[in-house]
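Student: According to this note's numbering, the stretch in the sequence shown is residues 46 to 631, in order. Below is the structure I would like to discuss, written out as structure tokens.
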Amino acid sequence: MTNAAASARMNAYVQGAQGGDEAERIWLKSYVPGVPADIDLDAYRSINHYFDECIGKFRDRTALVSIGSEMSYGELGHKVEAFAAYLQSIGVKKGDRVAIMLPNLFQYPIALFGTLKAGAIVVNVNPLYTPRELAHQLKDSGAETIVILENFAHTLEKALPESAVKRIVLTEIGDLLGGRINLKGRVLNRVVRHVQKMVPAHRLPHTQVTRLRAALDQGKRHVFKPVEVAQEDLAFLQYTGGTTGVAKGAMLTNRNIIANLLQAKAWAEGQLTDEIETVLTPLPLYHIYSLTVNCLIFLGLGGRNILIANPRDTQRMTMILRKEQFTGITAVSTLFSAFLENEEFCKRDFRPLKLSMAGGMAMSRTVAEKWKKVTGNSVVEGYGLTECSPIVTINPIDISKPTDFNGSIGVPVPSTYVRMRRDDGTWAEIGEAGELCVRGPQVMRGYWQRPEETARVIDAEGWLCTGDVGVMDERGFIRLIDRKKDMILVSGFNVFPNEVEEVIMMHPDVLEVAAIGVPDEVAGERVKVFVVPRNPSLTKEAVIAHCRANLTGYKIPRQVEFREDLPKSIVGKILRRELRDQSTSS
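Written out as structure tokens, the structure reads:
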């Protein structure tokens, strides 16, 4: 394509993005038939409206599976209303913030939807936070109520003095298992506490603590008073940026979440049947990706959701899944890789599997190809970020015509615009790399109590600057090159860590790898890689020789450090910043 033709195409593309002209969205021609260009944002007044419709429609179906127990949609609805009534009875009002610090157990969706039903704002908290991290999030959000698993109460004890928390709802792993008698749950709680020693000693103010089962009983004795919630009301303070600085609360409205679930639902539902779909949920539901895709979208499909509390324990997860079949799974690249290392998991019957979706980090081609070989199912990669609720792009899904992994993050979902910006602020052409910018109804309102931070990432026209570097082709498919802040500058040449990592992952003796830039007196920066070997006999020389055969000279790592594991976030995303900090301090 000539430069003039490229410029003309980009002008039309930008004009369409600014004016919303459907004809100028070049990616629409890549949509699977039946996927609309836009979604109906007025379909639901709020998340509560959506939830109530799902409960009424699928009341008799199984909604959740946890540790071998099941919960129906009807039972979920009753418990959610009871919890909402309890919150109202203790003084929680519309707009109050309620922190939820729970793994994937029955307790999480009950606390989640109960909080929303009471008109309050959900503050999702990573259960593995340190006291310092928890104290920051509680103080910043102003949450006065927290729902927490007792396993993490010792962390809360240390964080309480710096917070505004007045009310604590405490629960144990087995509290909602085994029905009203709860024999199974009580046995499990004793094992977790006294045999496995998984509940560290703690002292919380007795007057502030209510047990979850008691809270639900109390809620049943109160009449729930419906709260009017509008699309523009906040639903979540979803904290992000903890690996790049002070964690900030992304303000996600009901409209943001509804838009994103409808966008993703429109993308996938044409490929599913009227039969009950079962989704495997190893990613924590408090993570925005799992929350939107696994929790909300499959709720609207009447799906059966298998909750995995600890996805890192692949052996235990495999035991749980021995009698289960699933038709969908979402995970990050490192989690797919961990599954593939488990021999028993690889031997299971994957014929029912329809959808394997990846997000959260760049998907390794090596892992994707092995997943396809083992399961017969292609990995569908997408792209999103917390600030976008989270989905921005997905590869087209057509299970009747499965395609191989292509390394693309797909095309923008309905009602979404994406364009690339050069470093000088001008718009890049088709085929030219630039910072990925997005505009759509799923883009957050801004960062909680941080107007200056908000202004840095969202411009006057509503475009969110993601900090990711990407390039779009003529069909609207986007290839993500890397994070701008992760880019390594070697003698004036840009080196993208993803490229180096992808090459090293091709080596059969490599299990995991991460690449960073380290200071160099001559070149400014050089490439350093951290390698988790699959074969202990792997040497630095072998890694560099492999790179030399596949990379230009300035991209070849000068330093290779072997590790038993790499630092990761709770969803398995490799934390390059932590590796950089460790290298700087050493």
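Backbone N, C-alpha and C define an ideal beta-carbon position, used for all residues, glycine too.
1) Can you give me the Cβ contacts of Leu341 inside the same chain, cut-off strictly under 6 Å, excluding the 5 residues immediately before and after it?
2) Between Gly136 and Arg106, what straight-line distance do the alpha-carbon atoms span, to the nearest angstrom?
3) Kindly indicate which three-state DSSP category Leu611 falls into: helix, strand or coil?
4) In three-state terms, what does DSSP make of Val577?
5) Can you find the residues in the same chain that come closer than 6 Å, C-beta to C-beta, to Gln263, ignoring five residues on each side of it along the sequence?
6) Check whether the region 497 to 506 touches the region 457 to 464, counting contact only when three or more Cβ pairs, one atom from each stretch, lie closer than 8 Å.
7) Sort out for me which residues DSSP pairs Phe14 with in a bridge.
8) With DSSP collapsed to three states, give me the class of Pro206.
9) Give me whichever residues DSSP pairs with Ile719 in a beta bridge.
10) If you follow the beta strand (DSSP E) that Ser38 is in, where does it begin and where does it stop?
11) Can you give me the start and stop residues for the beta strand (DSSP E) that Ser111 sits inside?
12) How is the beta strand (DSSP E) around Ile523 delimited, first residue to last?
13) Could you compute how far the alpha carbon of Ala590 sits from the alpha carbon of Pro553?
14) In whole angstroms, what separates the C-alpha of Val338 from that of Val77?
15) Give the DSSP-derived three-state secondary structure of Gln263 in the structure shown.
16) According to DSSP, Tyr174 sits in a beta bridge with which residue or residues?
17) Quick one: Cα of Arg212 to Cα of Thr255, how far?
18) So, at 7 Å on beta carbons, what are the nonlocal neighbours of Asp610 in its own chain, with the 5 sequence-adjacent residues on each side left out?
19) Closer than 7 Å by C-beta to Ala204: which residues in its own chain qualify, once you throw out the five before and the five after it? Chain order, please.
20) Curious, which full-length alpha helix (DSSP H) runs of at least 4 residues does the region 282 to 342 contain?
21) How long is the line joining the alpha carbons of Asp513 and Leu525, rounded to whole angstroms?
22) Between Val170 and Val143, is the Cβ-Cβ spacing less than 8 Å?
23) What residue from Phe281, Gly562, Asn595, Arg484 has the CA that sits closest to Ile549's CA?
24) Within 10 angstroms of its Cβ, does Gly470 collect 16 or more other Cβ (buried), or is it exposed?
25) What does the alpha-carbon distance come out to for the pair Glu586 and Leu624?
26) Can you find a C-beta in chain D that's less than 8 Å from the C-beta of Phe575?
27) Between which residues of its own chain and Ala473 is the CB-CB distance below 6 Å, once the five residues before and five after are set aside?
28) To the nearest angstrom, report how far apart Glu98 and Gly119 are at their CA atoms.
29) Between Arg579 and Glu557, what straight-line distance do the alpha-carbon atoms span, to the nearest angstrom?
30) If you count every other CB in all the chains shown that lies within 10 Å of the CB of Gly491, and 16 or more means buried, which is it?
31) So, with DSSP's three-state summary, where would you put Glu389?
32) Is the region 370 to 388 touching the region 316 to 335 in the sense that three or more CB pairs, one from each, lie closer than 8 Å?
33) Counting C-beta neighbours from all protein chains within 10 Å, is the total for Ile145 16 or more, i.e. buried, or is it exposed?
34) Determine the direct distance from the alpha carbon of Thr252 to that of Asp394, and round the result to whole angstroms.
Tutor: Quick answer:
1) The residue given as residue 341 occupies position 296 in the sequence shown. Same-chain partners within the cutoff: Leu306.
2) One-based indexing of the sequence shown puts residue 136 at position 91. One-based indexing of the sequence shown puts residue 106 at position 61. If you take the alpha carbons of Gly136 and Arg106, they lie about 33 Å apart.
3) The count along the sequence shown starts at 1 and reaches residue 611 at position 566. It is coil, neither helix nor strand.
4) What you label residue 577 is simply residue 532 of the sequence shown in a count that begins at 1. Residue state, collapsed to three classes: strand.
5) Working through the sequence shown from its first residue, we reach residue 263 at position 218. Once the five neighbours on either side are set aside, the close Cβ partners of Gln263 are Tyr131.
6) Under the three-pair Cβ rule at 8 Å, the region 497 to 506 does not count as touching the region 457 to 464.
7) The structure shown has nothing for residue 14, since the chain only spans 46 to 631.
8) Numbered from its first residue, the sequence shown carries residue 206 at position 161. Of the three classes helix, strand and coil, the one that applies to Pro206 here is helix, per DSSP.
9) Outside the displayed span of the chain (46 to 631) sits residue 719, for which this structure offers no information.
10) Nothing in the structure corresponds to residue 38, since the chain is present only between 46 and 631.
11) Translated into positions along the sequence shown, residue 111 becomes position 66. For Ser111, the enclosing beta strand (DSSP E) has its first and last residue at 107 to 111.
12) On the sequence shown, residue 523 is found 478 positions in, with the first residue counted as 1. Start and end: 523 to 528.
13) Position 545 of the sequence shown, counted from the start, is the residue given in the question as residue 590. Position 508 of the sequence shown, counted from the start, is the residue given in the question as residue 553. Taking the straight line from one Cα to the other gives about 14 Å.
14) Within the sequence shown, numbered from 1, the residue matching residue 338 stands at position 293. Within the sequence shown, numbered from 1, the residue matching residue 77 stands at position 32. Rounded to the nearest angstrom, the two C-alpha atoms are 19 Å apart.
15) Walking along the sequence shown from the start, residue 263 turns up at place 218. In the three-state DSSP reduction, Gln263 falls in the helix class (H, G or I).
16) Taking the sequence shown and counting its residues from 1, one reaches residue 174 at position 129. According to DSSP, which records beta bridges pairwise, Tyr174 is partnered with nothing at all.
17) Translated into positions along the sequence shown, residue 212 becomes position 167. Translated into positions along the sequence shown, residue 255 becomes position 210. A straight line joining the alpha-carbon of Arg212 with that of Thr255 spans about 8 Å.
18) Taking the first residue of the sequence shown as position 1, residue 610 is located at position 565. The residues are Val577.
19) On the sequence shown, residue 204 is found 159 positions in, with the first residue counted as 1. Cβ neighbours of Ala204 within its own chain (closer than 7 Å, five residues either side excluded): Pro176, Leu179, Ala180, Leu183.
20) For the region 282 to 342, whole alpha helix (DSSP H) runs of length 4 or above, ordered along the chain, are 299 to 313.
21) Here residue 513 corresponds to residue number 468 of the sequence shown, with the count starting at 1. Here residue 525 corresponds to residue number 480 of the sequence shown, with the count starting at 1. Taking the Cα positions, Asp513 is about 7 Å away from Leu525.
22) Indexing the sequence shown from 1 puts residue 170 at position 125. Indexing the sequence shown from 1 puts residue 143 at position 98. Not closer than 8 Å, so no.
23) Looking up residue 549 in the sequence shown gives position 504. If we check each option's Cα against that of Ile549, Asn595 comes out closest.
24) As a first step, residue 470 is located in the sequence shown; it is residue number 425 there, counting from the start. Around the Cβ of Gly470, a 10 Å sphere holds fewer than 16 other Cβ atoms; the residue is exposed.
25) As a first step, residue 586 is located in the sequence shown; it is residue number 541 there, counting from the start. As a first step, residue 624 is located in the sequence shown; it is residue number 579 there, counting from the start. So the two alpha carbons sit approximately 21 Å from each other.
26) The structure shown contains no chain D; it holds only a single protein chain.
27) In the sequence shown, counting from the first residue as 1, residue 473 sits at position 428. Met465, Arg467, Gly479, listed in sequence order.
28) Looking up residue 98 in the sequence shown gives position 53. Looking up residue 119 in the sequence shown gives position 74. The alpha-carbon atoms of Glu98 and Gly119 are separated by roughly 11 Å.
29) For this step, residue 579 is matched to residue 534 along the sequence shown. For this step, residue 557 is matched to residue 512 along the sequence shown. If you take the alpha carbons of Arg579 and Glu557, they lie about 8 Å apart.
30) In the sequence shown, the residue the question calls residue 491 occupies position 446. Taking every protein chain shown into account, the CB of Gly491 has 16 or more other CB atoms within 10 angstroms, so this residue is buried.
31) The residue you call residue 389 lines up with position 344 of the sequence shown. Three-state result, Glu389: helix.
32) Touching, yes.
33) Counted from its first residue, the sequence shown places residue 145 at position 100. Buried: at least 16 other Cβ atoms inside 10 Å.
34) In the sequence shown, residue 394 corresponds to position 349, counting from 1. In the sequence shown, residue 252 corresponds to position 207, counting from 1. Cα-Cα distance, rounded: 51 Å.
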